[in-house]
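Note sheet for the following structure.
Residue numbers (this note's numbering), protein chains in the order written: chain A, 1 to 398; chain B, 399 to 912.
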């Protein structure tokens, strides 16, 4: 193995020079070693770029692994709960992977790049686990986060922007599809994926071409309201989409110390991703047993009355909170686009069936003083935001 | 496919034979498939030079369990029973250990040794009780598991307060510290050190060597015997018992894989491509080759694969067989002493120093040796007037730096012979033929990953509840219908039959519950 110098301090993504120019608030945080912007000028404006125009988010720090070799499919099929044989080349699959106890380690997307060659993306790093999973398989797992620059291009006008940039035939790309283009002599991969539940794409390219791609994108997007965004705006869109985030809706099972602090896919509303027809995958035995005996927890999407976000709230069975709490909120926000007070939470079964009414204890501060209110919440089973334009192929020319 | 066996056992090692025989006695139709020509696995007698035979791997019987003897109606003929151990001294003032006492040392040492053995025997008796039980699972509500666990706790407590503390203090400790505290005689300390480390990748200063010593005593209070006709005769007797019980044994049938369909075993496929069908497949092979080879990683989960992959199972004991045209002359030994077990471990530091190179992938230039001359009381093994020597030699690491080749083997063999020659100068002239089996040879000949005779280091982290690994400690693998019955499972190696018997009981119990 070639030795590489150890980076000191935070890494900068290949798009840093461009982000830095747009940045006016200087609010950054660390994401897996990289500097990642919380916001670049105004969270609200950035958010509305996602929902009303085109938002560009620097996805480079997202963990990426290349998985290839004769046993790649067998390997992935044992690793994740869903049937990867159904994911043809040129398709992307959302997937979740568990330990032997059926507890979620992480969720992510698996890109079937070409026959037998895959890329797995996730928020967290999992090299040790992926290596352990490779024991006994003829497969190569390569960490390639640094080797691929990535942008999320999301929002109703995103197709128009990319079309104007010259990506011919992109209109045929269906949700969860991927395709390759030539960009100035370099391969540009475009997938119709994202973290916003809106029309949107993700762009993947060699880091050397990152700045050129950014420039071309922003030039094409000028009249389509293109804006760079930070993670705060994306987080709001993520909650509206009802997507899970590690360390919010679940803890990676290998990071938990106390029993009962991890979650199974069944407890996270991901049963549709668990294919018991597969004879073996990590966690299958434990999950089959959980399915027989019932789960302890249930993930709920909540529509809460009022307009005060239910951050960190306890959830109760009734308004008097007389019986002790049945769970707690994991993510909460006022949704500007839905005009709803929304939240994701985790409650003990049998509570939290779709349609159930439960109560959320919200604390909020007014001029230093704290107030408490019990807010009625309805369990919903659909994502809060799921516009038809997300799935339309060809996409509308907004 | 029309014939479906109730159970197929992969490998006719002694545990596989015991397991198959006990299953057959419960009315099961059992097939045993053995890769080699002979049954017995590492417990066979084999000709290594024209007219000279020897136990090819295991050569002494420590612990064939009375339960196994009784249930299978076995009474192996022993050429020598209750062998003494003679620890050789360069000045010919050898010492002799037998029946829990020692001769040839000071009165203080002799008294200390009796006390030491008494206490160790008490502890090993406790262990012995659990050799013949499946280890309890932790964290279940199963009554039997809880009862066994409770019994274990109770048995430890019942030693009495002081003895319990002593047991808990000693169980993870190294033998060297304990010996240093108790004894004067270097020779005595060396001999006990040897007993603590034989067959392991441990030196007397390694933690856990008191437990390995206890394990040695646990079989039959440390009583050692040599079977008439070599170890193969025990295996033959077991195979005979199995056949009487109705077991079909087929040799020269190497199993390529265990067939898994829809997450459960449905049979096996042999090297020749033959498919044999059964919903219960019991592997007598070591855990690593069972999981990584026969079952395949794709049929088990990642955490389990990782634990199996990390099992420590690299052997460090070699076997040396010599064909001799007469008995060598050991100064200070009488002729009848050739019936005993003769060891070279002049002091505990010698043993530790012999271990040192092994840590770095080198063999011991001055090895530790356990010799027997089985032909002395057994004329079936060598022509009249001639003899064979069978020796276990340490340390010969499986993963020798640069690998084992003929040059390395010759050099190590010479080092062993030079070591013996210090006590029996004429040994070299007596040698007519020799054979050295390194752990690499043992792996190849007996299909044991790493050539470790316990199929996995016998240490606290690979013992009882976690032998071979958690998730398979009750003979049942995390694939429906696949079981383990070899030395890699509880309680471990040695020709005891305990693992095979426990496995058979676990399988029958499981069937009853289903």
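All C-beta atoms in this analysis are idealised placements derived from N, C-alpha and C, irrespective of residue type, glycine included.
Since we're looking at a predicted model, the values are computed, not measured.
Over what stretch of residues does the alpha helix (DSSP H) that includes residue i continue unbroken?
i                      : result
residue 928 of chain B : Outside the shown range of chain B, which is 399 to 912, sits residue 928 of chain B, and nothing can be said about it.
residue 613 of chain B : 607–616
residue 183 of chain A : Where residue 183 of chain A is concerned, there is no enclosing alpha helix (DSSP H), although the beta strand (DSSP E) it sits in stretches over 178–183.
residue 792 of chain B : Note, residue 792 of chain B: premise wrong, no alpha helix (DSSP H); beta strand (DSSP E) at 785–792.
residue 701 of chain B : 700–707
residue 239 of chain A : 231–241
residue 164 of chain A : 158–164
Hey, quick one: how far does the beta strand (DSSP E) through residue i stretch, first residue to last?
i                      : result
residue 562 of chain B : Run containing residue 562 of chain B: none in the beta strand (DSSP E); it sits in the alpha helix (DSSP H), 559–568.
residue 106 of chain A : 104–114
residue 450 of chain B : 450–453
residue 39 of chain A  : 34–39
residue 247 of chain A : Neither: residue 247 of chain A is in no beta strand (DSSP E) and is coded neither H nor E.
residue 444 of chain B : 443–447
residue 316 of chain A : 314–316
residue 334 of chain A : 327–335
Under 8 angstroms between C-beta atoms, does residue i make it to chain D?
i                      : result
residue 703 of chain B : Here the protein chains are A and B, and chain D is not one of them.
What is the rounded straight-line gap between the Cα of residue i and the Cα of residue j?
i                      : j                      : result
residue 820 of chain B : residue 281 of chain A : 59 angstroms
residue 412 of chain A : residue 225 of chain A : Since the first and last residues shown for chain A are 1 and 398, residue 412 of chain A lies out of range.
residue 535 of chain B : residue 432 of chain B : 31 angstroms
residue 315 of chain A : residue 297 of chain A : 13 angstroms
residue 844 of chain B : residue 440 of chain B : 6 angstroms
residue 376 of chain B : residue 765 of chain B : There is simply no residue 376 of chain B to check, as chain B begins at 399 and stops at 912 in what is shown.
residue 399 of chain B : residue 570 of chain B : For residue 399 of chain B, the predicted model reports a pLDDT of 46, less than 50, meaning its position is unreliable and no value from the coordinates is stated.
residue 589 of chain B : residue 714 of chain B : 18 angstroms
residue 350 of chain A : residue 253 of chain A : 23 angstroms
residue 238 of chain A : residue 244 of chain A : 8 angstroms
residue 447 of chain B : residue 773 of chain B : 14 angstroms
residue 689 of chain B : residue 525 of chain B : 28 angstroms
residue 484 of chain B : residue 496 of chain B : 9 angstroms
residue 521 of chain B : residue 860 of chain B : 19 angstroms
residue 443 of chain B : residue 829 of chain B : 20 angstroms
residue 330 of chain A : residue 71 of chain A  : 38 angstroms
residue 643 of chain B : residue 422 of chain B : 6 angstroms
residue 194 of chain A : residue 342 of chain A : 20 angstroms
residue 896 of chain B : residue 413 of chain B : 7 angstroms
residue 361 of chain A : residue 323 of chain A : 13 angstroms
residue 801 of chain B : residue 789 of chain B : 22 angstroms
residue 273 of chain A : residue 96 of chain A  : 7 angstroms
residue 174 of chain A : residue 204 of chain A : 17 angstroms
residue 214 of chain A : residue 199 of chain A : 19 angstroms
residue 596 of chain B : residue 419 of chain B : 30 angstroms
residue 385 of chain A : residue 30 of chain A  : 28 angstroms
residue 188 of chain A : residue 19 of chain A  : 20 angstroms
residue 340 of chain A : residue 307 of chain A : 7 angstroms
Verify the contact flag: residue i, CB atom, against every heavy atom of the ligand HEM, threshold strictly below 7 angstroms.
i                      : result
residue 355 of chain A : Ligands in the displayed structure: none, and consequently the ligand HEM is not present.
Please check the pair residue i and residue j, which I expect to be a contact at CB under 8 angstroms, by giving their CB distance rounded to whole angstroms.
i                      : j                      : result
residue 471 of chain B : residue 900 of chain B : Not a contact, Cβ separation roughly 19 angstroms.
residue 112 of chain A : residue 88 of chain A  : 6 angstroms
residue 134 of chain A : residue 59 of chain A  : Contact doesn't hold; Cβ gap of about 25 angstroms is too wide.
residue 94 of chain A  : residue 137 of chain A : No, residue 94 of chain A and residue 137 of chain A are not in contact; Cβ-Cβ is about 23 angstroms, not under 8 angstroms.
residue 785 of chain B : residue 725 of chain B : 6 angstroms
residue 481 of chain B : residue 624 of chain B : 7 angstroms
residue 416 of chain B : residue 466 of chain B : 6 angstroms
residue 886 of chain B : residue 866 of chain B : 5 angstroms
Item to complete: Go through the stretch 495–547 of chain B residue by residue and report every complete run of the beta strand (DSSP E) that reaches 3 residues or more, in order.
Response: Entirely contained in the stretch 495–547 of chain B, the beta strand (DSSP E) runs reaching 3 residues are, in chain order, 499–501.
Worksheet item: Can you list, in chain order, the residues of the stretch 125–146 of chain A whose Cβ is nearer than 8 angstroms to any Cβ on chain B?
Response: Within the stretch 125–146 of chain A, the residues whose Cβ lies closer than 8 angstroms to some Cβ of chain B are 129, 132, 133, 135, 136 and 137, listed in chain order.
Worksheet item: Hey, which unbroken runs of the beta strand (DSSP E) at 3 residues or more fall wholly within the stretch 807–850 of chain B?
Response: Within the stretch 807–850 of chain B, the complete beta strand (DSSP E) runs of at least 3 residues are 829–835.
Worksheet item: For the stretch 60–76 of chain A, which residues have a beta carbon sitting closer than 7 angstroms to at least one beta carbon of chain B?
Response: Residues of the stretch 60–76 of chain A with a C-beta atom less than 7 angstroms from some C-beta of chain B are 74, listed in chain order.
Worksheet item: What residue ranges within the stretch 628–656 of chain B form continuous alpha helix (DSSP H) runs of no fewer than 4 residues, ordered along the chain?
Response: As far as the stretch 628–656 of chain B is concerned, its whole alpha helix (DSSP H) runs of at least 4 residues are 629–642.
Discussion item. Taking beta-carbon pairs under 9 angstroms, can you tell me which members of the stretch 700–727 of chain B lie near chain A?
Written reply: Those would be 700, 701, 702, 703, 704, 706 and 707, in chain order.
Worksheet item: For the stretch 83–104 of chain A, which residues have a CB atom closer than 7 angstroms to at least one CB atom of chain B, in sequence order?
Response: Residues of the stretch 83–104 of chain A with a C-beta atom less than 7 angstroms from some C-beta of chain B are 99 and 100, listed in chain order.
Worksheet entry | Secondary structure, alpha helix (DSSP H): runs of 4+ residues fully inside the stretch 46–106 of chain A | List check, alpha helix (DSSP H) in window: 72–79.
Worksheet entry | Chain-ordered residues of the stretch 864–887 of chain B with a beta carbon less than 9 angstroms from chain A | Per Cβ criterion, the list reads 869, 876 and 877.
Worksheet item: In the stretch 561–577 of chain B, which residues sit with their C-beta less than 8 angstroms from some C-beta in chain A, listed in chain order?
Response: Listed by position along the chain: nothing, the set is empty.
Item to complete: Determine which residues of the stretch 286–307 of chain A have a Cβ less than 8 angstroms from any Cβ of chain B, and write them out in chain order.
Response: Those would be none; no residue qualifies.
Fill in: Selection of the stretch 654–668 of chain B by Cβ proximity to chain A, strictly under 7 angstroms
The stretch 654–668 of chain B vs chain A, Cβ under 7 angstroms: 660 and 661.
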